[in-house]
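Student:
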Amino acid sequence: MKILVLTSGGDAQGMNRFLYQIYKKFGKKVYACKYGFRGLIDGNFEPLKNFEPFKNRNQAGSCIKSARCPEFATVKGFKKGLANAKEFDWVIVLGGNGSYRGACQLSDNGVKTIFVPATIDNDVDNSEYSLGFHSAVKACCQYIKNTMPSMEAFNRCCFFEVMGRHHGAIAQSTALALESDFVICNEDDVDFGKMAKVVKENAKREHSSMIVVRENILPLSEFVSKLKNACPKVDIVGLRIGHFQRGFKPTKVERAMADAFAKQTIKVIRKKGLPSAVVSVNGKILAQ
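Everything in the sequence shown is counted per the working numbering, starting at 1012 for the first residue and increasing by one.
1) What span of residues does the beta strand (DSSP E) with Met-1221 cover, start to end?
2) Which same chain residues end up closer than 6 Å to Val-1214 when comparing Cβ atoms and leaving out the 5 residues on each side of it in sequence?
3) Buried or exposed for Thr-1085, going by 16 or more other Cβ atoms inside 10 Å?
4) Mind pulling the beta strand (DSSP E) runs of 3 or more residues that sit fully within the region 1182-1244?
5) Measuring alpha carbon to alpha carbon, tell me which residue in Asp-1199, Asn-1227, Phe-1193 is nearest Glu-1212.
6) If distances are taken between C-alpha atoms only, which option among Ile-1125, Ile-1052, Lys-1045, Phe-1083 comes closest to Phe-1272?
7) Report the residue from Lys-1263, Ser-1138, Pro-1160, Thr-1185 whose alpha carbon sits nearest the alpha carbon of Asn-982.
8) The beta strand (DSSP E) with Phe-1083 in it runs from where to where?
9) For Ile-1155, report the span of its alpha helix (DSSP H) as first-last.
10) Closest to Val-1235 by CA distance: which of Cys-1168, Asp-1270, Gly-1253 is it?
11) For Ile-1228, tell me which candidate among Ile-1131, Cys-1074, Val-1173 has the shortest Cα-Cα distance.
12) For Ala-1207 versus Cys-1196, is the C-beta spacing smaller than 8 Å?
13) Following the continuous beta strand (DSSP E) through Val-1122, name the residue where it begins and the one where it ends.
14) Starting from the Cα of Val-1264, find the closest Cα among Tyr-1140, Gly-1253, Ile-1247 and give me that residue.
15) Output the boundary residues of the beta strand (DSSP E) element that contains Glu-1057.
16) If you draw a straight line from the alpha carbon of Asn-1133 to that of Ala-1186, how long is it in whole angstroms?
17) Look at Phe-1065 and Gly-1113 and say whether their C-beta atoms are less than 8 Å apart.
18) According to DSSP, is Cys-1074 helix, strand or coil?
19) Need the endpoints of the alpha helix (DSSP H) that Ala-1267 sits in, please.
20) Between Met-1221 and Leu-1105, what straight-line distance do the alpha-carbon atoms span, to the nearest angstrom?
21) Between the alpha carbons of Ser-1077 and Ile-1247, how many angstroms are there, rounded?
22) Check the DSSP bridge columns for Ser-1141 and list the partner residues they point to.
23) By the three-class DSSP mapping on this structure, what secondary structure does Phe-1171 have?
This is the structure:
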């Protein structure tokens, strides 16, 4: 039996832990597809053991490398990838919604494929949880906690831009955990009048203000300048947390979730089950 595993799209904490568990179970039968679907097209395969899965098991990122691959969506690119995928008995795909569509394409064309949700954005349609989310939120909370004492020293207002692409889960969870003064998860949440009222009230009490905003709504500089116009007496800054969210070490919860996803994936392979997605539903990890 030959198993191929690839990580696609943005990296997410828990990917390496998952790879380690698969290697621990199947050993030399597992091959890594370097750089996601691009590696599948190029036939860029190596034994997973070459990437030291034990050493990297509790690290962020993806030791087998990841990439975005628009070419896989083309007829030519898909045909190349499909031909290479058919060299293996199973193909395991870790990634987000785009990766899920790619996995489904492979499955529909005769490749026994297992999809595992792994994206810090936590926006995979058929899963309540995606690997990387808990660690990304923890990273945001730590960054903001370490920054706010400086904001408080000057009664500043600070916009903290978090990742999420077009999904507000990281922003919402971070704001709830830290009890932020304002959170902007989507375009409908943008209300400079309400923000200004909160910021001015905090300034009167000689306190800082914390606003958590999801990326890709408005440029951070625009948030800052517009709120400055509404609150001219308050010092307002904007900070982008950025890839600190991806590079933050996987949390204990993340490692446990990766283990659970791997356990269910192993079960599908051992029982020679049907191609499937291993997802989180009602707090349980299931194969669908």
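Every residue gets a Cβ at the ideal spot worked out from N, C-alpha and C, and that includes glycine. Owing to the predicted nature of the structure, the values given are computational and were not obtained by experimental measurement.
Tutor: Taking the coordinates as given:
1) Per DSSP, Met-1221 belongs to the beta strand (DSSP E) from 1220-1225.
2) Residue 1214 is actually Ala in this sequence, not Val. Its chain contains Asn-1166, Val-1245 as the residues whose beta carbon lies nearer than 6 Å to that of Ala-1214, once the 5 sequence neighbours on both sides are disregarded; these appear in chain order.
3) Taking all protein chains in view, the Cβ of Thr-1085 is surrounded by fewer than 16 other Cβ atoms within 10 Å, so the residue is classified as exposed.
4) Restricted to the region 1182-1244, the beta strand (DSSP E) segments that are unbroken, complete and at least 3 residues in length are 1193-1195, 1220-1225, listed in chain order.
5) Comparing Cα positions, the closest option is Phe-1193.
6) If we check each option's Cα against that of Phe-1272, Ile-1125 comes out closest.
7) Here the chain covers residues 1012 to 1299 and nothing more, so residue 982 does not appear.
8) No beta strand (DSSP E) contains Phe-1083, which DSSP labels as neither H nor E.
9) It spans 1144-1164 - the alpha helix (DSSP H) in which Ile-1155 sits, taken as one unbroken run.
10) Of the candidates Cys-1168, Asp-1270, Gly-1253, the residue whose Cα lies closest to the Cα of Val-1235 is Cys-1168.
11) Considering only alpha carbons, the answer is Val-1173.
12) Not in contact: Ala-1207 and Cys-1196 (Cβ atoms no closer than 8 Å).
13) Segment: none, Val-1122 is in no beta strand (DSSP E) and carries neither H nor E.
14) Measuring C-alpha to C-alpha distances from Val-1264 to each of Tyr-1140, Gly-1253, Ile-1247 identifies Tyr-1140 as the nearest.
15) Residues 1056-1058.
16) For Asn-1133 and Ala-1186, the distance between alpha carbons rounds to 16 Å.
17) Inclusion of Phe-1065 and Gly-1113 in the CB contact set at 8 Å is not warranted, their separation being larger than that value.
18) In the structure shown, Cys-1074 sits in coil (DSSP, three-state: anything other than H, G, I, E or B).
19) It spans 1263-1281 - the alpha helix (DSSP H) in which Ala-1267 sits, taken as one unbroken run.
20) Distance from the CA atom of Met-1221 to the CA atom of Leu-1105, rounded to whole angstroms, is 34 Å.
21) Near 37 Å, if we compare the C-alpha coordinates of Ile-1247 and Ser-1077.
22) DSSP lists no partner for Ser-1141.
23) Residue state, collapsed to three classes: strand.
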